[in-house]
Amino acid sequence: MEMMIEVQDLTKYYGPTLAISRLNFKVAAGEIVGFLGPNAAGKTTTLKILAGFLAPSGGAARINGRDCLTQSLEVRQSLGYLPEAVPLYTDLTVTQFLRFAAQAKGVEAKAETREVERVVAACGLGEVRHKLIAALSKGFRQRVGLAQALINTPPLLILDEPTIGLDPSQIVEIRQLIKELAGAHTVILSSHILPEVSQLCQRVIIINRGQIVASDTAENLSRQLGRGSRVRLTVPGPDAEVAAALRKIPQVQEVAGEGEGRFLVVAANDADVRPQLARLVVERGWDLLELKAQEFTLEEVFLNLVTEEETTEEGS
Amino acid sequence: MKDTGSFLAVLRKELAIYFTTPIFYITGFFFLLLGGYFFYANTLYYSLLSYQAAQNIQLASHLNPLQMVFRPLFATLAVVLLLLVPLLTMRLLAEEKRAGTAELLFTYPLTDWAIILGKFGAALLIYAIFLGFTVVYPLAFSAVGQLDWGALASGYLGMFLLGGACLALGLFASSLTENQIIAAVTAFALLLLFWIIGWQQDIGAPGWGGFFGALSMMDHYDSFIRGVIDTRDLVYYLSFIYFFLFLTKRQLESRRWRA
Chain A
1 MEMMIEVQDL TKYYGPTLAI SRLNFKVAAG EIVGFLGPNA AGKTTTLKIL AGFLAPSGGA
61 ARINGRDCLT QSLEVRQSLG YLPEAVPLYT DLTVTQFLRF AAQAKGVEAK AETREVERVV
121 AACGLGEVRH KLIAALSKGF RQRVGLAQAL INTPPLLILD EPTIGLDPSQ IVEIRQLIKE
181 LAGAHTVILS SHILPEVSQL CQRVIIINRG QIVASDTAEN LSRQLGRGSR VRLTVPGPDA
241 EVAAALRKIP QVQEVAGEGE GRFLVVAAND ADVRPQLARL VVERGWDLLE LKAQEFTLEE
301 VFLNLVTEEE TTEEGS
Chain B
1001 MKDTGSFLAV LRKELAIYFT TPIFYITGFF FLLLGGYFFY ANTLYYSLLS YQAAQNIQLA
1061 SHLNPLQMVF RPLFATLAVV LLLLVPLLTM RLLAEEKRAG TAELLFTYPL TDWAIILGKF
1121 GAALLIYAIF LGFTVVYPLA FSAVGQLDWG ALASGYLGMF LLGGACLALG LFASSLTENQ
1181 IIAAVTAFAL LLLFWIIGWQ QDIGAPGWGG FFGALSMMDH YDSFIRGVID TRDLVYYLSF
1241 IYFFLFLTKR QLESRRWRA
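Protein sequence lines, in the order shown, are assigned to chains A and B. Start counting the first sequence at 1; every next residue gets the next number (my numbering). Start counting the second sequence at 1001; every next residue gets the next number (my numbering).
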């Protein structure tokens, strides 16, 4: 498979502070990858290095086989970058700014108007195109930021927190827009919002304290890191008695009563205990209202990973 | 070809910002207001002397509008320049850093030279527009008196080169900080230094006098407004401009290897 991004032992110090430490990952062409982590985990630093804005202290990052530091100009030709704070030239109008972006990215004079029109339409900027950027709302500014990244259809899009600070309906719109971009572009986006990443991205890279703690598809992460399968069960009956009976099933590790006949059963070693549970309930003559395998949400996986790391660190 | 394109892209963007922000209109207004006042005052003095010369033949032979009206005008406009240039250049790089747009500018496929020359070129064009308006003064004067246009052109060339040198220095000052005020103060202080450095030779500091005089912006300017174009002065201004643009480039590059 053709690799769009290759990152090797990437390290960055800000003065004495270590921001990222020996990161290694690859992104294939056409992939949408989410970069997930709590604030100050090193997401933005990594993306800035990829975009050619910062130099790494150690290691190397390559885009399309070209080094981000030594072949900066070529690398910058092949990417669109939306910085975290969405900095824009507020003294220009939307069209003026997008024209500048087109010229700066080397769009030919003949194609310039067409290219600006294309991104204006794609990002829904038609009604504000002649307004000064200073007068735009946060949502529109975000779209202008995205529009400038899209100009000249770069093979790689680097989007740093593309939906931060937007209201819910705008978030939905921007996510839709990003989804539509898949295919034509490779996208790497950072976020600390988990549902967003699991919705948008084929693969998630979880980063904490400057190190990668996991990298896989959202589903795989939930499965692998869930540690044992969970079953949600609703049996209206004598709570204590039901719980005691459930605990007697060999593979059941834990039963948590949640009141009003609801239980959360955790099975050891990924065993599927649903048949045993169903049989038991029916044999005892109780009513079975609900029996459902429950996956770990990305949120839980994430918290698990991040807190686990902290405890091991404190232990050592 | 590609480089010309990126240079023009930066140039157009900077011009668009100059024309939407008030700084261009305000500095232009005061530059022309002060210029107009000095022109008026000098012309008034000149006409007064002309009346006296009507009775005094010897005085009449010394009367020269270029020497009496335009040379002092150029000299005072140079002082105005010293005050206005930091205002024109302070935004150029400092604001990019403060507003974070540097992150866009430096991640577009633009070379450092395209960025620097685009910004410098835009400031120089703005300044040329101001200068263009002052051509009204000699035009008005020529309606009533004779002018040596060649010598006048030499004065304008001097004004243009002096302005270019000041702008290059101002651009460098703007690359040092993300605060526009600090950029302006730094530019002003450095300009003042290059202004007064030539005074050393007047006090007669042995040996060094000539050296400091050679560095002085004003000493080189003086021959232009006397109507003399000397290669030494041309070389001085051109290397001054190149030196500060080069320092600016080094300053931009340091962003990549620092931290």
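We put the CB at the ideal spot given by N, CA and C, even for glycine.
Does the Cβ-Cβ distance between ARG143(A) and LEU125(A) come in under 8 Å?
yes
Simplified DSSP assignment, three categories, for LEU1048(B):
helix
Find out if the Cβ-Cβ distance for the pair PHE1244(B), ALA1168(B) is shorter than 8 Å.
yes
Just checking: is the beta-carbon of GLY52(A) within a distance shorter than 8 Å of some beta-carbon in chain B?
yes
Counting only beta-carbon separations shorter than 8 Å, does ALA182(A) have a partner in chain B?
no
Do GLN251(A) and VAL273(A) have their CB atoms nearer than 8 Å?
yes
Whose Cβ in chain B lies nearer than 8 Å to the Cβ of LEU92(A)?
LYS1013, ALA1016, ILE1017 and THR1020
Is PRO155(A) close to chain B? Criterion is C-beta to C-beta, closer than 8 Å.
no
From this set, ILE49(A), GLY15(A) and GLU112(A), which residue's C-alpha is nearest ALA1009(B)'s C-alpha?
GLU112(A)
How about PHE1194(B) and LEU1215(B): are their beta carbons less than 8 Å apart?
yes
If you count every other CB in all the chains shown that lies within 10 Å of the CB of VAL1228(B), and 16 or more means buried, which is it?
exposed
Shorter than 8 Å from the beta carbon of PHE25(A) to some beta carbon of chain D?
Structure shown: chain D not included; protein chains present are A and B.
Using CA atoms only, rank isn't needed, just tell me which of VAL86(A), GLN199(A), GLY165(A) and ILE158(A) is closest to LEU189(A).
ILE158(A)
Using beta-carbon positions only, say whether GLN211(A) and SER57(A) come within less than 8 Å of one another.
no
Residues in the same chain with beta-carbon distance under 7 Å from LEU181(A), minus the five sequence neighbours each way, listed in chain order, please.
LEU157 and VAL187
Nearest chain B C-beta to ILE20(A) closer than 8 Å, yes or no?
no
Report yes or no: is there a C-beta of chain B within less than 8 Å of the C-beta of PRO87(A)?
yes
Helix, strand or coil: which one does DSSP assign to TYR89(A)?
coil
Excluding the five sequence neighbours on either side, which residues of its own chain have a C-beta within less than 7 Å of the C-beta of ASP1003(B), listed in chain order?
THR1111 and ALA1114
Evaluate the contact criterion for the segment 163-176 of chain A versus the segment 25-45 of chain A: three or more CB pairs, one atom per stretch, below 8 Å.
no
Anyone know if the C-beta pair for TYR1040(B) and VAL1069(B) falls short of 8 Å?
no
Give the single residue among ALA1060(B), ILE1116(B), ARG1226(B) and GLY1132(B) whose Cα lies nearest to the Cα of LEU1152(B).
ARG1226(B)
Backbone CA spacing between ILE133(A) and ILE1017(B) [nearest angstrom]:
12 Å
Whose Cβ in chain B lies nearer than 8 Å to the Cβ of LYS105(A)?
TYR1108 and PRO1109
Is the segment 1047-1055 of chain B close to the segment 1130-1138 of chain B, with three or more CB pairs under 8 Å?
no
For LYS292(A), three-class secondary structure by DSSP
strand
If you draw a straight line from the alpha carbon of PRO1109(B) to that of LYS105(A), how long is it in whole angstroms?
6 Å
Determine, using beta carbons only, whether ARG143(A) comes closer than 8 Å to chain B.
no
Look at the alpha carbon of LYS179(A) and the alpha carbon of ILE1026(B), and state the distance between them as a whole number of angstroms.
47 Å
Under 9 Å (Cβ pairs) to chain B, residues found in the segment 59-77 of chain A
LEU69, SER72, LEU73, GLU74, VAL75, ARG76 and GLN77
Report all residues from its chain with a CB closer than 6 Å to the CB of THR1076(B); omit the five preceding and five following residues, and keep chain order.
PHE1038
Taking CB distances under 8 Å as the criterion, tell me whether LEU10(A) reaches chain B.
no
Beta-carbon proximity list for VAL306(A), same chain, < 6 Å, skipping 5 on both sides
ASN208
If you check the beta carbons only, do VAL120(A) and ARG129(A) fall under 8 Å apart?
yes
Determine, using beta carbons only, whether PHE140(A) comes closer than 8 Å to chain B.
no
Per DSSP, which residues does GLU6(A) bridge with? Please list them.
LYS26(A) and ARG62(A)
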